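Enquirer:
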Amino acid sequence: MLNKSPSDSPRCAQRPAHDTVGPGAVSITLVVNGIARALSVAPAMTLAEALREQLALTGTKVACDRGACSACTVWLDGAPVCACMVLAIDVGDRKVTTIEGLALDGQLHPVQSAFIEHDAIQCGFCTPGLIMSCAALLAHTPDPSESQVRAALGGHLCRCGTYPHVIAAVLDASRRGRSRP
Ligand code: FES
Ligand code: FES
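According to our numbering, the stretch in the sequence shown is residues 1390 to 1570, in order.
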């Protein structure tokens, strides 16, 4: 589950070694969507909780809260990870990108636009995580095959069954030719 490339489905990030902390709150700085944010977090607080509860970035969804569904996918230094499986204190100086940070200069990322155009959203709960993984795929594989898209969706659970629309959206977005980061 550790040290997967960005081409893979989101994974748990490597936990760096650090001194013992807690049980009280710990002061940390997270660089989220390009902005340094000073936080005081419980040692057991996950990155997903810190994003949602302390930074009000609720685009990152929490469904299973145990690394089984990928709804909480964000990027750490451009690689998709499950934010519910990363402690906030373990993020360190890695750059966090959430769904709120994906649009550039007010323009939706091509994957976001393609999701809308291909009706790849039903209830929408899994959608931010899916988009983060699909955008990461296009960042390093601008012209993926359908099987590569399917591989990038591995680990993402969508109860509404949007997968065919998601695959069509990603292939369409790849044709538009923009990728990040
Ligand atoms: S909420 Fe994180 S993997 Fe399901
Ligand atoms: S759109 Fe509802 S769970 Fe995926």
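Every residue gets a Cβ at the ideal spot worked out from N, C-alpha and C, and that includes glycine. Just so you know, these numbers come straight off a predicted model, no measurement behind them.
Cβ of S1459 versus every heavy atom of ligand 1: is any distance shorter than 6 Å?
Expert: Yes.
Enquirer: What is the DSSP secondary structure of L1542, reduced to helix, strand or coil?
Expert: Coil at L1542, not helix or strand.
Enquirer: Under 8 Å, with one C-beta from each stretch per pair, do the stretch 1504 to 1513 and the stretch 1452 to 1468 reach the 3-pair mark?
Expert: No, they do not touch.
Enquirer: Three-state secondary structure (DSSP) at V1475?
Expert: DSSP places V1475 in coil when its eight states are reduced to three.
Enquirer: Would you tell me roughly how many angstroms separate the C-alpha atoms of E1442 and A1452, rounded to the nearest one?
Expert: Cα-Cα distance, rounded: 15 Å.
Enquirer: Taking the runs of the alpha helix (DSSP H) that are 4 residues or longer, which of them lie wholly in the stretch 1477 to 1528?
Expert: Qualifying alpha helix (DSSP H) stretches, in chain order: 1499 to 1506.
Enquirer: Mapping the DSSP letters down to three states, classify P1432 as helix, strand or coil.
Expert: Correct three-state label for P1432: coil.
Enquirer: Does any heavy atom of ligand 2 sit closer than 6 Å to the C-beta of Q1537?
Expert: No - ligand 2 has no heavy atom lying nearer than 6 Å to the Cβ of Q1537.
Enquirer: Taking all protein chains shown into account, do 16 or more other C-beta atoms lie within 10 angstroms of the C-beta of E1438, making it buried, or fewer, making it exposed?
Expert: Result: buried.
Enquirer: If I follow the unbroken beta strand (DSSP E) through S1416, where does it start and stop?
Expert: Looking at the DSSP string, the run of the beta strand (DSSP E) that includes S1416 is 1415 to 1421.
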